[in-house]
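Enquirer: First the structure, then my questions, so here it is.
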Amino acid sequence: MTQTPQEQFDNALRAGGLDAAAVAALATRGLELRLIPTPARAGDVPAESADIEKLPDFPAVSDWYRSVSRGFLDPEPDEKGLSARFAAAVSRRNIGVFDAATAQPQLPIGTFGSFVTELTVPGEVTIPAFAITAVTVAATHRRRGIARAMMEGELRAAVAVGLPVAVLTVSESSIYQRYGFAPSAPAATWVIDRKRAGFTGPATLGRVDYVSREQFRELAPKLHDRIRLSSPGEIIPTPMHWDRFAGTLPGSKNADALRFVQYRDAAGDVQGLVVYSLREHDTDYSKTGFDVSLMMTANDEAYAAMWRYIFEHDLIGDITMPLRSVDEPVRWMLADQRAATVTVVDHQYVRILDVAAALESRAYGSAGRVVFEVTDPLGIDAGRFALAVDESGRGVVTRDVSDEADATLSAVELSALLIGGTSAQTLVSAGRLSVTSVGVAAQLDAMFLTATEPRLSFWY
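What follows is the structure in structure tokens.
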């Protein structure tokens, strides 16, 4: 059977073994780095929980998840849900750091997970990406270089199999720039006073209907796959993420409170999905909160229809929708724009591992040629690169050119530019990008910035 590029990268990464330098660095601290065994294919996982629990690798994977929960300050995982988490580890590369001297030596004191995905970049195209998740260090083992050893070692493992970029979402934003990551796709949380807003969105010809969580679970991956190329910064959710949205993952929080709605256009095709829950007001039922956990729409019609459904829902006081863009069209569907409060945080981080492959993957908004002098905090890919973009918007990168550099920056700033959401002029003003003339920053913005603001619709 022919493998997809994603499967090829995934298999190569899983077969690559541990990074020798990371193993040695941790060994000097009396710690052991291990690969956590995970199933390679969904067919490797039995259908019944009782059969999963009999697998020889089940205890190690369960202990790894217990440490992940501890690291993220979550409750101990539901024992009934550990078999589902084992199934969710399909095609993942998980590692753990162990201290034999602890009272529970079977539990890792450091965890690091990854999977291969596709990152959408400008031009409605994708690039293979090393997605990082579940990075934790036990509170008893802080400040010992454990996170650094895991991160540097796993980035080298990704480079070794040819993955051109790495991505992650973070719980602490101060950590990852030291490893070359840049906040690239922000997330905006919209809180709207429904009664004050005065919804003015257009009428639509389709219909809105409730669907079951099982129907949503079937529909959602297909709809997301149709629309993800229109959003730079988006990646492919894993089956575990869809189960979490649907509340079908054992141990999911507040799963019983979730409601699911679809929008079908006049032709009967599903063009929108919304997942939400209702938050009861303590004293006034007419001020119930409407909390959206996911909204996906394939076109402007579905977008307007979903918002109209939300605004016309009875007994609603405020609407909360996280993980949206700053420039949401709904702002222009409000008679009173001050009814919306928007809070923005960093969300999707990107790290270029191969400068040429990353820059050549995307489309550009303007022709031109720029020479970059790139430094790298980890020494993964640095040097002088020329990016030449033709009239069609496609770029070609030449390494080790002798021309004088037009722009000097690190892998962090170049990664920030990659998916089109960061202005070069902003980086210049912040002292993060050095250019030889004012015109260089303007040229970079004409080339790199996109009309569609990058965003990512979920945490991973």
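Count along the sequence shown from 1, add 790, and you get the number used in the working numbering. Glycine is no exception: its CB is placed at the ideal position from the N, C-alpha and C atoms.
If contacts are defined as beta-carbon pairs under 8 angstroms, then residue 1077 and residue 1107 qualify, I think. What distance do you get, rounded to the angstrom?
Expert: Indeed, because the Cβ distance is near 3 angstroms, the residues count as touching under 8 angstroms.
Enquirer: Can you tell me whether DSSP reads residue 1011 as helix, strand or coil?
Expert: Note: residue 1011 maps to helix in three-state DSSP.
Enquirer: Taking DSSP as the reference, what is the three-state secondary structure of residue 1052?
Expert: Three-state DSSP puts residue 1052 in a strand.
Enquirer: May I have a chain-ordered list of the beta strand (DSSP E) segments no shorter than 3 residues that lie completely inside the region 1067-1098?
Expert: DSSP runs (the beta strand (DSSP E)) wholly in the region 1067-1098: 1078-1087.
Enquirer: Using the Cβ count rule (16 or more neighbours within 10 Å means buried), how would you classify residue 1250?
Expert: It counts as buried.
Enquirer: Since residue 943 and residue 809 are thought to touch, with beta carbons under 8 angstroms apart, how far apart are those beta carbons, to the nearest angstrom?
Expert: Sure, about 3 angstroms apart at Cβ, within 8 angstroms.
Enquirer: I think residue 1191 touches residue 1185, with their Cβ atoms under 8 angstroms apart; what is that distance to the nearest whole Å?
Expert: With 8 angstroms as the limit, residue 1191 and residue 1185 do not qualify as a contact, their Cβ atoms being about 14 angstroms apart.
Enquirer: Decide if residue 1203 is buried, meaning its Cβ has at least 16 other Cβ atoms within 10 Å, or exposed.
Expert: Its Cβ being crowded by 16 or more others within 10 Å, residue 1203 is buried.
Enquirer: Please classify residue 1075: is it buried, with 16 or more other beta-carbons within 10 angstroms of its beta-carbon, or exposed?
Expert: Counting Cβ neighbours within 10 Å, residue 1075 comes out exposed, since fewer than 16 surround it.
Enquirer: Looking at the structure shown, is residue 862 part of a helix, part of a strand, or coil, going by DSSP?
Expert: Residue state, collapsed to three classes: coil.
Enquirer: Is there contact between the region 1058-1068 and the region 964-980, where contact requires at least three CB pairs shorter than 8 angstroms?
Expert: The region 1058-1068 is not in contact with the region 964-980.
Enquirer: Counting pairs of Cβ atoms below 8 angstroms between the region 1086-1104 and the region 1013-1027, do you hit three or more?
Expert: At 8 angstroms Cβ cutoff, the stretches touch.
Enquirer: Report back the beta-carbon spacing between residue 882 and residue 905 to the nearest angstrom; my notes put them in contact at under 8 angstroms.
Expert: Confirmed, Cβ separation roughly 5 angstroms.
Enquirer: In whole angstroms, what separates the C-alpha of residue 1020 from that of residue 818?
Expert: Near 47 angstroms, if we compare the C-alpha coordinates of residue 818 and residue 1020.
Enquirer: Whose CA, out of 1048, 1056 and 988, lies closest to the CA of residue 994?
Expert: Per the Cα distances, 1056.
Enquirer: Please report how far the alpha carbon of residue 864 lies from the alpha carbon of residue 1028, in whole angstroms.
Expert: Approximately 21 angstroms between the Cα atoms of the pair.
Enquirer: Is the distance from the Cβ of residue 1164 to the Cβ of residue 1201 below 9 angstroms?
Expert: Against a cut-off of 9 angstroms, the Cβ pair of residue 1201 and residue 1164 comes out as a contact.
Enquirer: Out of 1182, 1121 and 1136, state which residue places its alpha-carbon closest to the alpha-carbon of residue 987.
Expert: Minimum Cα distance to residue 987 is reached at 1121.
Enquirer: So, residue 924 versus residue 896, is the Cβ gap smaller than 9 angstroms?
Expert: It is not a contact, given that the beta carbons lie outside the stated cut-off.
Enquirer: In the DSSP assignment, find the beta strand (DSSP E) that holds residue 893 and state where it starts and stops.
Expert: No beta strand (DSSP E) contains residue 893, which DSSP labels as neither H nor E.
Enquirer: Would you say residue 878 and residue 1039 are within 9 angstroms of each other, going by their C-beta atoms?
Expert: Going by C-beta atoms, residue 878 is nearer than 9 angstroms to residue 1039.
Enquirer: Using only the alpha-carbon positions, how far apart do residue 956 and residue 933 sit?
Expert: Approximately 24 angstroms, taken between the alpha carbons.
Enquirer: Kindly indicate which three-state DSSP category residue 1031 falls into: helix, strand or coil?
Expert: Reduced to three states, the DSSP call for residue 1031 is helix.
Enquirer: Considering only the alpha carbon of each residue, which of 980, 859, 1193 and 1002 lies closest to residue 1127?
Expert: When only C-alpha atoms are compared, the closest one is 980.
Enquirer: Which value, in whole angstroms, describes the spacing of the CA atoms of residue 1103 and residue 1046?
Expert: When rounded, the distance between both Cα atoms is 19 angstroms.
Enquirer: Between residue 978 and residue 870, what straight-line distance do the alpha-carbon atoms span, to the nearest angstrom?
Expert: Going by the C-alpha atoms only, they are around 35 angstroms apart.
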